[in-house]
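Undergrad: Have a look at this one.
Number of protein chains: 4
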Amino acid sequence: MSEFIKQDDRVLLLFEDDTTFIVQVQDNILGTHKGVVELKNLIGKAYGDRAETKNGEPFLILRPRLVDEIFKMKRKTQIVYPKDMGYILMMLDIKEGDVVIDAGVGSGAMCAAIARMIGPDGKVFAYERREDFKKIAEANIAKWGFSERVVFKLKDIKDGFDEKANAIFLDVPDPWNYIPHCHKSLLGSGNIAIVCPTTNQVQLVLKELHGHAFVDIEVWESLLRQYKPVPDRLRPFDRMVAHTAFMVFARKVNDFKEG
Amino acid sequence: MSEFIKQDDRVLLLFEDDTTFIVQVQDNILGTHKGVVELKNLIGKAYGDRAETKNGEPFLILRPRLVDEIFKMKRKTQIVYPKDMGYILMMLDIKEGDVVIDAGVGSGAMCAAIARMIGPDGKVFAYERREDFKKIAEANIAKWGFSERVVFKLKDIKDGFDEKANAIFLDVPDPWNYIPHCHKSLLGSGNIAIVCPTTNQVQLVLKELHGHAFVDIEVWESLLRQYKPVPDRLRPFDRMVAHTAFMVFARKVNDFKEG
Amino acid sequence: MSEFIKQDDRVLLLFEDDTTFIVQVQDNILGTHKGVVELKNLIGKAYGDRAETKNGEPFLILRPRLVDEIFKMKRKTQIVYPKDMGYILMMLDIKEGDVVIDAGVGSGAMCAAIARMIGPDGKVFAYERREDFKKIAEANIAKWGFSERVVFKLKDIKDGFDEKANAIFLDVPDPWNYIPHCHKSLLGSGNIAIVCPTTNQVQLVLKELHGHAFVDIEVWESLLRQYKPVPDRLRPFDRMVAHTAFMVFARKVNDFKEG
Amino acid sequence: MSEFIKQDDRVLLLFEDDTTFIVQVQDNILGTHKGVVELKNLIGKAYGDRAETKNGEPFLILRPRLVDEIFKMKRKTQIVYPKDMGYILMMLDIKEGDVVIDAGVGSGAMCAAIARMIGPDGKVFAYERREDFKKIAEANIAKWGFSERVVFKLKDIKDGFDEKANAIFLDVPDPWNYIPHCHKSLLGSGNIAIVCPTTNQVQLVLKELHGHAFVDIEVWESLLRQYKPVPDRLRPFDRMVAHTAFMVFARKVNDFKEG
Chain R
1 MSEFIKQDDR
11 VLLLFEDDTT
21 FIVQVQDNIL
31 GTHKGVVELK
41 NLIGKAYGDR
51 AETKNGEPFL
61 ILRPRLVDEI
71 FKMKRKTQIV
81 YPKDMGYILM
91 MLDIKEGDVV
101 IDAGVGSGAM
111 CAAIARMIGP
121 DGKVFAYERR
131 EDFKKIAEAN
141 IAKWGFSERV
151 VFKLKDIKDG
161 FDEKANAIFL
171 DVPDPWNYIP
181 HCHKSLLGSG
191 NIAIVCPTTN
201 QVQLVLKELH
211 GHAFVDIEVW
221 ESLLRQYKPV
231 PDRLRPFDRM
241 VAHTAFMVFA
251 RKVNDFKEG
Chain L
1 MSEFIKQDDR
11 VLLLFEDDTT
21 FIVQVQDNIL
31 GTHKGVVELK
41 NLIGKAYGDR
51 AETKNGEPFL
61 ILRPRLVDEI
71 FKMKRKTQIV
81 YPKDMGYILM
91 MLDIKEGDVV
101 IDAGVGSGAM
111 CAAIARMIGP
121 DGKVFAYERR
131 EDFKKIAEAN
141 IAKWGFSERV
151 VFKLKDIKDG
161 FDEKANAIFL
171 DVPDPWNYIP
181 HCHKSLLGSG
191 NIAIVCPTTN
201 QVQLVLKELH
211 GHAFVDIEVW
221 ESLLRQYKPV
231 PDRLRPFDRM
241 VAHTAFMVFA
251 RKVNDFKEG
Chain F
1 MSEFIKQDDR
11 VLLLFEDDTT
21 FIVQVQDNIL
31 GTHKGVVELK
41 NLIGKAYGDR
51 AETKNGEPFL
61 ILRPRLVDEI
71 FKMKRKTQIV
81 YPKDMGYILM
91 MLDIKEGDVV
101 IDAGVGSGAM
111 CAAIARMIGP
121 DGKVFAYERR
131 EDFKKIAEAN
141 IAKWGFSERV
151 VFKLKDIKDG
161 FDEKANAIFL
171 DVPDPWNYIP
181 HCHKSLLGSG
191 NIAIVCPTTN
201 QVQLVLKELH
211 GHAFVDIEVW
221 ESLLRQYKPV
231 PDRLRPFDRM
241 VAHTAFMVFA
251 RKVNDFKEG
Chain Y
1 MSEFIKQDDR
11 VLLLFEDDTT
21 FIVQVQDNIL
31 GTHKGVVELK
41 NLIGKAYGDR
51 AETKNGEPFL
61 ILRPRLVDEI
71 FKMKRKTQIV
81 YPKDMGYILM
91 MLDIKEGDVV
101 IDAGVGSGAM
111 CAAIARMIGP
121 DGKVFAYERR
131 EDFKKIAEAN
141 IAKWGFSERV
151 VFKLKDIKDG
161 FDEKANAIFL
171 DVPDPWNYIP
181 HCHKSLLGSG
191 NIAIVCPTTN
201 QVQLVLKELH
211 GHAFVDIEVW
221 ESLLRQYKPV
231 PDRLRPFDRM
241 VAHTAFMVFA
251 RKVNDFKEG
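Residue numbers (my numbering), protein chains in the order written: chain R, 1 to 259; chain L, 1 to 259; chain F, 1 to 259; chain Y, 1 to 259.
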């Protein structure tokens with residue numbers, strides 16, 4: 001990855017007041033609260049360099065991380081938080097070449113994280129029944145350069161999935177209704193992750209999972225706490241995210257352990 | 001990835017009592033508490049299938065996830081937990097083609113997780129000053145098939161690193177001493193993650209980070225809580241991991257914001 | 001409270017290996033792993049003093065706190081933990097002169113904590129349907145000196161309570177069945193606290209509470225985390241209690257807000 | 001405690017929009033966003049009853065709990081939260097007749113909670129060096145009816161305390177400087193609790209405690225998480241208090257264990 005900014009790169013501009021902008025470098029300008037930035041002037045500078053607006057206000061040029069993109073992206077839906085994303089990717093064991101089903105795709109944040117991990121030989125089948133969500137997700141995925149890896153399907157999943165997959169990520173309001181479809185579409189030993197905001201949903205999902213040939217059924221929640229980065233007064237921030245969703249994991253087997 | 005078990009695959013055998021074994025399928029046998037398994041007989045079966053020991057005891061054949069491997073691997077060191085791993089990978093923004101420095105490599109768990117994400121075009125430079133740890137890490141990395149992507153260096157990092165990197169993962173007892181080296185070796189806008197078991201270490205690391213050109217300095221800790229997967233009595237397990245390490249993140253810039 | 005140990009005092013002996021004993025000072029001896037202690041010899045010593053066993057092994061004499069008593073007491077039941085006790089007492093607003101119903105009393109830990117707060121003019125009505133539990137609780141309450149304040153009732157609560165109370169503490173497996181009884185027995189504006197190990201129980205309790213004239217319905221859980229008290233390596237202990245029970249609180253009103 | 005509202009009672013008025021007012025019932029009126037309340041008209045009503053403003057807007061009349069008073073009280077300082085208060089009272093083992101030192105008293109919330117537990121025969125010595133804080137605390141304590149039990153001292157504690165106490169609660173910015181004074185003023189086996197917002201303060205306090213004759217040195221923090229009380233969608237609220245203060249506890253002994 002080049003050290004220097006090139007035409008069409010996405011860059012993150014960080015101002016002294018911690019305001020940030022993520023923008024693609026083209027022959028255009030960006031208007032900010034600190035004055036105008038001529039983006040083409042950034043070409044050839046190194047990532048990590050300082051530059052200035054027309055008003056002489058300094059900013060730093062960073063490479064946007066996926067976590068930055070996710071927090072800045074256009075969205076209409078509740079997103080899976082980075083605190084949960086990383087753990088879900090680990091538990092789903094997403095890797096190069098995997099075929100993954102992502103249903104419902106929402107704004108595409110988790111889809112992008114999966115697409116990045118499967119590499120050029122993998123594939124994500126992204127189901128979404130709402131056209132407006134699908135459009136946003138497609139635009140986000142395109143912007144981040146993963147369109148080749150993602151097949152979008154505007155489709156209700158009540159009739160099941162069209163593919164066999166190594167892993168399924170299920171983020172819909174009534175996940176318990178699709179557990180049989182998931183079992184059918186998972187390859188043997190394939191992993192499923194289901195996110196549920198409420199305990200009632202978890203209960204219904206567990207009931208379904210126990211009724212099908214799944215093993216290693218686990219339920220987790222993550223609490224991430226941030227500290228003020230002040231060496232002489234190190235302490236957590238006053239408030240934190242208390243809850244996003246419970247995460248339910250399981251692995252498909254071809255018949256019951258109890259067989 | 002094939003649905004069927006082939007010679008040389010690594011497989012996870014799950015018994016009814018939740019005992020597991022991870023083993024490579026070759027022309028050999030595995031002795032278990034439930035009787036002997038002739039491993040070559042597994043070839044051609046599908047992942048997710050049942051099989052039996054010579055004693056007729058059933059087990060399920062699963063594909064080991066990286067998280068399974070990590071909890072089973074030979075190790076002499078405290079490991080980074082999957083609960084933290086996923087978040088660190090997100091915050092370091094590890095992706096295809098990245099060059100990453102991993103110091104000290106310990107038993108190689110984090111190294112493997114990074115190697116998997118960088119794909120065939122990326123590279124991990126894995127520093128470890130203790131020969132016994134390096135040997136274990138090399139063996140683990142080889143076993144998991146990532147040797148091509150990892151360059152091991154038996155070396156103290158007090159004189160710095162030999163490479164420039166997109167990201168650095170620092171897991172040593174005195175990380176504050178190497179912040180200047182990290183700054184020098186990071187490419188502009190590159191990400192660093194430092195894990196510290198104690199608050200005192202975090203304080204010293206923060207002091208150093210604030211003294212160099214880093215931005216987005218953040219300190220986090222994660223609490224993962226598991227629930228008993230019983231639909232009619234859904235509740236957390238009685239006990240949980242309370243602490244592994246604080247995670248400190250930052251991004252290198254080429255000169256100070258205050259510049 | 002006297003600084004000096006008197007006949008019949010309960011004392012806590014703390015040995016160098018952190019072993020503790022709680023015992024009443026009488027004309028008897030205590031056998032320990034470090035040798036015999038003649039208890040009457042402690043009379044006249046000051047709390048906080050050192051003494052020695054017959055073998056010359058030193059120990060410290062402390063006044064047992066209620067939390068020490070609770071962790072040492074004879075019990076057959078899951079107890080309410082001090083982490084939750086303090087919060088429940090605050091939310092129930094227990095104070096001098098209060099009349100409190102405690103159902104089921106279990107081993108009597110919460111009963112003791114309430115009895116202590118209500119003072120000599122208050123009263124606890126302690127319901128327990130199992131005779132073996134009631135006996136243990138009565139013995140514990142007697143030992144701690146609160147018998148005058150507690151009226152034990154060996155009785156199923158399915159037919160309700162015999163008293164009107166300022167506050168009710170409900171710790172039974174099916175609390176939702178007794179919410180109408182609780183409403184009837186609470187004085188106007190009286191507080192109720194219900195402990196439930198599972199989310200399913202909380203759901204059923206909430207449904208009942210919403211069906212009666214209660215306000216300020218709140219559900220809480222507490223996570224207490226302990227740190228190793230080492231100034232140069234300050235960090236949490238590795239493991240912690242992840243869950244004891246959810247705490248549900250509400251306040252009775254005489255008719256519905258929506259009324 | 002009477003079921004009926006009397007002249008001079010403090011009452012909490014709860015409106016349908018969850019707005020609350022705490023006020024003393026006298027021959028006066030209370031102006032609210034829902035219209036005027038003639039307070040003397042409440043006399044003779046029962047706690048838990050409904051009443052109406054002059055505009056016909058309904059409200060409920062509740063007895064204010066101490067936790068309600070604390071969240072409503074006039075204050076200029078960070079307060080100890082009820083989540084921590086209850087636990088501190090348990091660990092300090094505050095009980096009838098105790099003599100307790102409270103330094104610095106701040107707005108008086110903890111002082112009130114202690115005063116309530118010690119009963120009419122106990123005493124709190126409340127140290128505060130800032131006159132404005134002391135005035136607020138005295139007014140709060142008077143309002144809640146505990147003036148007889150609290151002796152306020154406008155005084156810096158750098159020269160120590162004038163009393164011997166069963167327990168000390170220390171809530172000042174530099175608590176490590178007063179550990180020797182605390183040791184001197186505690187009766188043998190007496191309990192101390194120190195609240196520290198930062199890890200650096202905890203480290204310094206621990207260093208001092210280890211240098212004096214204290215045992216059972218413990219450091220805790222509490223995380224209280226609240227759930228939305230909706231039976232069909234039971235889940236935690238999105239955000240929570242992440243941190244107020246670390247709590248350090250210890251018990252005085254008359255000479256060292258190692259002695």
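Positions of the beta carbon are idealized from the N, C-alpha and C atoms, including for glycine.
These numbers come from a predicted model, not from an experiment.
Answer yes or no: does any C-beta atom of chain R fall closer than 8 Å to that of Y:M247?
TA: No, its Cβ sits nowhere closer than 8 Å to a Cβ of chain R.
Undergrad: With distances taken between CB atoms, is the gap from F:V202 to Y:L234 smaller than 8 Å?
TA: Contact: yes.
Undergrad: In chain R, what lies closer than 9 Å to Y:L234 by C-beta?
TA: Simply T198, T199, N200.
Undergrad: Under the three-state reduction of DSSP, which class applies to F:N28: helix, strand or coil?
TA: In the structure shown, F:N28 sits in coil (DSSP, three-state: anything other than H, G, I, E or B).
Undergrad: Would you give the residue range spanned by the beta strand (DSSP E) that F:L89 belongs to?
TA: Unbroken run through F:L89 is the alpha helix (DSSP H), 82-92; no beta strand (DSSP E).
Undergrad: Candidates Y:E163, Y:R129, Y:V215, Y:I136: which alpha carbon is nearest Y:P173's?
TA: When each option's Cα is compared against that of Y:P173, the closest is Y:R129.
Undergrad: Under 8 Å: do the stretch 57-72 of chain Y and the stretch 146-159 of chain Y share three or more Cβ pairs, one atom per stretch?
TA: Cβ pair count under 8 Å is below three, so no.
Undergrad: Does any residue of chain Y have a CB that is nearer than 8 Å to the CB of R:F237?
TA: It does; some Cβ of chain Y falls within 8 Å.
Undergrad: Who are the neighbours of L:A242 on chain F, taking C-beta pairs under 7 Å?
TA: Neighbours of L:A242 on chain F, chain order: R225, P236, F237, D238, R239, M240.
Undergrad: Compare the C-alpha of L:D27 against each of L:E38, L:R65, L:C111 and name the closest.
TA: With distances taken between Cα atoms, L:D27 lies closest to L:E38.
Undergrad: With R:I70 as the anchor, note down where its alpha helix (DSSP H) starts and where it stops.
TA: Note, R:I70: alpha helix (DSSP H), 66-72.
Undergrad: Between the stretch 191-201 of chain Y and the stretch 118-129 of chain Y, do at least 3 Cβ pairs fall closer than 8 Å?
TA: In short, these stretches do not touch, since the Cβ pair count stays below three.
Undergrad: Can you confirm whether R:Q203, when its beta carbon is compared against all beta carbons of chain F, has any partner nearer than 8 Å?
TA: It does: the Cβ of R:Q203 has a partner Cβ on chain F nearer than 8 Å.
Undergrad: Tell me, please, whether the stretch 136-146 of chain Y touches the stretch 93-107 of chain Y by the rule of three or more beta-carbon pairs shorter than 8 Å.
TA: The stretch 136-146 of chain Y, when compared against the stretch 93-107 of chain Y, does touch it at the 8 Å Cβ threshold.
Undergrad: Taking the C-alpha atoms as reference points, what is the distance between L:I101 and F:R50?
TA: Roughly 56 Å separates the two Cα atoms.
Undergrad: In or out: R:E52 buried (at least 16 other Cβ within 10 Å) or exposed?
TA: Classification of R:E52: exposed, given that the 10 Å Cβ count is below 16.
Undergrad: What's the C-alpha gap between L:L224 and Y:K207?
TA: Cα to Cα, the separation comes out at about 31 Å.
Undergrad: Pull up the distance between the alpha-carbon of Y:L92 and that of Y:M85, whole angstroms please.
TA: Computed Cα separation, rounded: 10 Å.
Undergrad: Exposed or buried, which one is L:I5 when buried takes at least 16 other CB atoms within 10 Å?
TA: Buried: at least 16 other Cβ atoms inside 10 Å.
Undergrad: Using only the alpha-carbon positions, how far apart do F:G119 and Y:A213 sit?
TA: Between F:G119 and Y:A213, the C-alpha separation is close to 33 Å.
Undergrad: Apart from the five residues just before and just after F:G44, which ones in its own chain have a Cβ nearer than 7 Å to its Cβ?
TA: Taken in chain order, the residues that qualify are F4, I5.
Undergrad: Between the beta-carbon of R:R10 and the beta-carbon of R:P64, is there less than 8 Å?
TA: Cβ atoms of R:R10 and R:P64: closer than 8 Å.
Undergrad: Identify, in the order they occur along the chain, each residue of the same chain with its Cβ nearer than 7 Å to the Cβ of L:L187, setting aside the five sequence neighbours on each side.
TA: Answer for L:L187: K164, A165, N166, listed in chain order.
Undergrad: Does DSSP classify Y:D102 as helix, strand or coil?
TA: Here Y:D102 sits in strand by DSSP.
Undergrad: For F:L204, name the three-state secondary structure that DSSP assigns.
TA: Note: F:L204 maps to helix in three-state DSSP.
Undergrad: Determine the extent of the beta strand (DSSP E) in which F:A112 is found, giving its start and end residues.
TA: Element bounds for F:A112: not the beta strand (DSSP E) but the alpha helix (DSSP H), 109-118.
Undergrad: Give me, in chain order, the residues of the same chain whose beta-carbon lies closer than 8 Å to that of L:H183; leave out the 5 immediate sequence neighbours on both sides.
TA: Answer for L:H183: H212, A213, F214, K252, listed in chain order.
Undergrad: Under 8 Å, do L:P229 and R:M90 count as touching if we go by C-beta distance?
TA: Going by C-beta atoms, L:P229 is not nearer than 8 Å to R:M90.
Undergrad: Which residues, taken in chain order from the stretch 75-88 of chain Y, show a beta carbon closer than 7 Å to some beta carbon of chain F?
TA: Answer set for the stretch 75-88 of chain Y: P82, K83, M85, G86, Y87.
Undergrad: Please classify F:N254: does DSSP put it in a helix, a strand, or coil?
TA: F:N254 falls in the coil class under three-state DSSP.
Undergrad: Indicate whether Y:A242 and R:P180 have their beta-carbon atoms separated by less than 8 Å.
TA: No. Outside cutoff.
Undergrad: Check whether the Cβ of L:V215 lies closer than 8 Å to any Cβ atom in chain R.
TA: Interface residue, yes.
Undergrad: Residue ranges of each beta strand (DSSP E) run of no fewer than 3 residues wholly in the stretch 180-224 of chain F, ordered along the chain?
TA: Fully enclosed beta strand (DSSP E) runs of 3 or longer: 186-196.
Undergrad: The alpha helix (DSSP H) spanning R:A140 covers which residue range?
TA: Contrary to the premise, residue 140 of chain R reads as Asn rather than Ala in this sequence. Taken as a continuous stretch (DSSP letters only), the alpha helix (DSSP H) holding R:N140 covers 131-143.
Undergrad: Can you find the residues in the same chain that come closer than 6 Å, C-beta to C-beta, to Y:E96, ignoring five residues on each side of it along the sequence?
TA: The answer, listed in chain order, is G119.
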